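For reference, the structure is listed below as structure tokens.
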């Protein structure tokens, strides 16, 4: 293939063969569209050159409606100008239909044999219609010209439209044990735009080396494995799928990855994102391969050894019958020849019918056949046999007789059972696997023997990770087995139970006459009321429940499981809920959450985020002594979106990491700008989230921002809420110590409302303690709040920390907190949070605030 051209042709005596390098056109379109506005001139050049290289022509012109001249042309310019006046061109501009036209004689188009007109539909061209017109010299080219013009216009427009789709999606269940990725098919090569921590651990790749790449890089050189082909087919059809592919970790080690893909669609049905759920099944795969090898060994053994031989004449009548077979079937050996009816009676009805059908076909067409059956027919532990019946032919291919070989395949059947059990049974608990549950549930749904209100319940065990970390994985596994036993006892034989995740169970709980839905929920919850006694440990285990009713699924087992899981996740993230029912409203809320999270990701890049500043003042004088930087989101259509609505989404999706980095650097940039403007700069405080500490490198990022903007460490205060201590560890302690050593001030925010412990004030050095506004608002209503404030002031004095009272809204609050020993405050009484220009003016005025 030529590397430079986009179109090449060869000339033969009778025809011209056109080869279009679509990949080159796609690449050019992609590269040009990555700019904010596509280069339509370059696009017109590509189209015109492709036509000009393929066919003899007078001219090619791109014509825009109401234009005075062609937008682009090649060839005879006078002829191209004349094209604008043709009725066919104007008609196509009006109705968008392709046409061919005879050139007008006696004009600059006289040398043309035909004129082909094709509409162009281009992105960013919302009002003006565009066509491409081709004046060809050879009439025999007309049909091929029309076909090529249509193909080039359609292909290029389609490629550009695909590139316009929104490129981001965030769906983050970061706490689950399996790997989760999100890919964006609207971007070139469908890159990964999200990967959770479990996926990083599974592959050994840090997130920085994962995002922006197509996940096929994990397959290394194994790009044509069967799982990849299934994935490609499913994505082509736009359907969900589950496959197993061989991946490679960062250290080169291979592992087997069970990958479940689910597509997310926009309201118009377009696939906007692809969610991948990844699970390392190397050990399970190895066990299955071991069983498969065992099965192949038995097959080879059976092929090498013949068990019993039967002989029949050309009419299929028995001539020789193996006596051991008759003995094993429990038939008499005294009757010779053997009674055919008795032999059939020793088989199961299904096997006897299979033999009968096989003989009918074999005698008609002289073809071999096989039947698998077991003996004795009614035994619970039968022996399995494979009978191959084969015609014996002479040299002229005339039928002489029939021979049958009975081979015992009992071990082979057992191996198949083991393979089936491994695929459809959870190894740890003995319950069904997700695949087994879906299959069995589908069978029940097809039988239509379930009450329509019967629920499929997803149960998630809370804090299993903490049990594993503190008591050991053996104890955690025993907890899972005990939960399985309790659920089995509660649901009974009429239900179905599966372990569908590391700490997740899915239950079909059929409703019976004596048990209502409310009673069923109480019984399911009671499973966790009794303490778990395991290896000398006694502890309570809590669970979150979500369920979907049979009638809501339209007979789809996997949709039921997915809907119930969605409801369970709602319970997971709402401490006030234990049971959540799937509803269409919940599904709508989930889609809204995903949509808002996507917009938030875009907002970070589109510069829609802003910092507002709220002053902290000296209560005695009203002088501004510092400021708190507060994040605001000004959406171009929705306006200001409340922080309480988007901050939790940022933390759930881990967008808080890059957003927190943006806040840190923007605050330092503003500090630098105020100082360069000669203003009297006061220290600025910013808030840090627990997620930012979990993502790591907080001291390094702070140090880099201070260095880049030449900010003194004491000018920056980092506010940390008490909630970070719920997950305290050595890493958190090291980070806070590093920040203190750097000279950055630390403030303990919302003191008294969270995971309170005076030990934290002893273990960590805080320069400031902020009294939560919930206490300040109650100062005028009784002594309790005043006692709390007084106690905080005493504690702060003991450790040498400043105290700031938040939420001051009335002058009476100032009087009270001053009397209690607090000298600094913050709240609407002084100022609401203001944008940076207004804050700059406050610094310039240096007026005391009321």
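Numbering (my numbering), first residue to last: 1 to 850.
Glycine residues also receive a C-beta, built at the ideal position from the N, C-alpha and C atoms.
Remember, predicted model here, so these are calculated numbers, not experimental data.
How is the alpha helix (DSSP H) around residue i delimited, first residue to last?
i, result
"residue 281", "Neither: residue 281 is in no alpha helix (DSSP H) and is coded neither H nor E."
"residue 319", "Looking at the DSSP string, residue 319 is not in any alpha helix (DSSP H); the run it does join, the beta strand (DSSP E), is 318–320."
"residue 863", "The requested residue 863 is not part of the displayed model; the chain covers only 1 to 850."
"residue 658", "656–676"
"residue 732", "730–742"
"residue 312", "That residue, residue 312, is in no alpha helix (DSSP H); its beta strand (DSSP E) goes 308–313."
"residue 356", "349–365"
"residue 709", "698–709"
"residue 557", "557–572"
Going by other Cβ atoms of all chains shown within 10 Å of its Cβ, with 16 needed for buried, is residue i buried or exposed?
i, result
"residue 196", "buried"
"residue 813", "buried"
"residue 499", "buried"
"residue 668", "buried"
"residue 530", "exposed"
"residue 784", "exposed"
"residue 428", "exposed"
"residue 551", "exposed"
"residue 547", "buried"
"residue 247", "buried"
"residue 102", "exposed"
"residue 839", "buried"
"residue 236", "exposed"
"residue 524", "buried"
"residue 473", "exposed"
"residue 13", "Its pLDDT being 31, under 50, residue 13 is placed unreliably in this model, and the coordinates cannot settle the point."
"residue 597", "buried"
"residue 130", "buried"
"residue 283", "exposed"
"residue 372", "exposed"
"residue 169", "Since pLDDT at residue 169 reaches only 38, below the 50 mark, its modelled position is unreliable, and the value read off the structure follows with that caveat. Buried, since its Cβ has 16 or more Cβ neighbours within 10 Å."
"residue 648", "exposed"
"residue 511", "buried"
My guess is that residue i and residue j are in contact by the Cβ rule of under 8 angstroms, so how many angstroms apart are they, rounded?
i, j, result
"residue 244", "residue 257", "7 angstroms"
"residue 672", "residue 709", "4 angstroms"
"residue 86", "residue 115", "7 angstroms"
"residue 456", "residue 564", "5 angstroms"
"residue 467", "residue 459", "So it is not a contact: roughly 16 angstroms between Cβ atoms."
"residue 771", "residue 794", "About 12 angstroms; that fails the 8 angstroms criterion."
"residue 432", "residue 443", "Not quite, the Cβ-Cβ distance comes to about 12 angstroms (not below 8 angstroms), so this is no contact."
"residue 878", "residue 79", "No information on residue 878 is available, as it lies outside the stretch 1 to 850 that the chain covers here."
"residue 219", "residue 232", "Contact doesn't hold; Cβ gap of about 12 angstroms is too wide."
"residue 255", "residue 280", "5 angstroms"
Among the options, whose alpha-carbon lies nearest the alpha-carbon of residue i?
i, options, result
"residue 240", "703, 558, 551", "558"
"residue 796", "546, 723, 821", "821"
"residue 594", "189, 217, 272, 208", "272"
"residue 503", "766, 111, 177", "177"
"residue 320", "358, 340, 690", "340"
"residue 642", "661, 660, 610", "610"
"residue 379", "358, 390, 346, 407", "346"
"residue 801", "776, 761, 773", "761"
"residue 387", "189, 393, 368, 509", "368"
"residue 496", "484, 509, 486", "509"
"residue 462", "436, 651, 573", "573"
"residue 848", "646, 621, 817", "621"
"residue 686", "639, 615, 777", "615"
"residue 292", "471, 416, 206", "416"
"residue 680", "528, 49, 818, 845", "845"
"residue 201", "251, 187, 230", "251"
"residue 391", "505, 419, 311", "311"
Since residue i is in the beta strand (DSSP E), which residue starts that stretch and which ends it?
i, result
"residue 501", "496–501"
"residue 633", "624–635"
"residue 257", "254–265"
"residue 55", "Run containing residue 55: none; DSSP gives neither H nor E here."
"residue 217", "It is not in any beta strand (DSSP E) - residue 217 carries neither H nor E in the DSSP assignment."
"residue 810", "Premise fails: residue 810 is in no beta strand (DSSP E) and is neither H nor E."
For a test of your reading of the model: does the CB of residue i fall under 7 angstroms from any non-hydrogen atom of the ligand GDP? Yes or no.
i, result
"residue 89", "Inclusion of the ligand GDP in the displayed structure is not the case, the ligand content being empty and no account of it being possible."
Taking 8 angstroms as the CB-CB limit, is residue i close to chain D?
i, result
"residue 147", "No chain D is part of this structure, which consists of one protein chain only."
Are the region 823–830 and the region 801–809 touching by the rule of at least three beta carbon pairs closer than 8 angstroms?
-> yes
Does the region 687–696 touch the region 640–656, meaning 3 or more C-beta pairs lie closer than 8 angstroms?
-> yes
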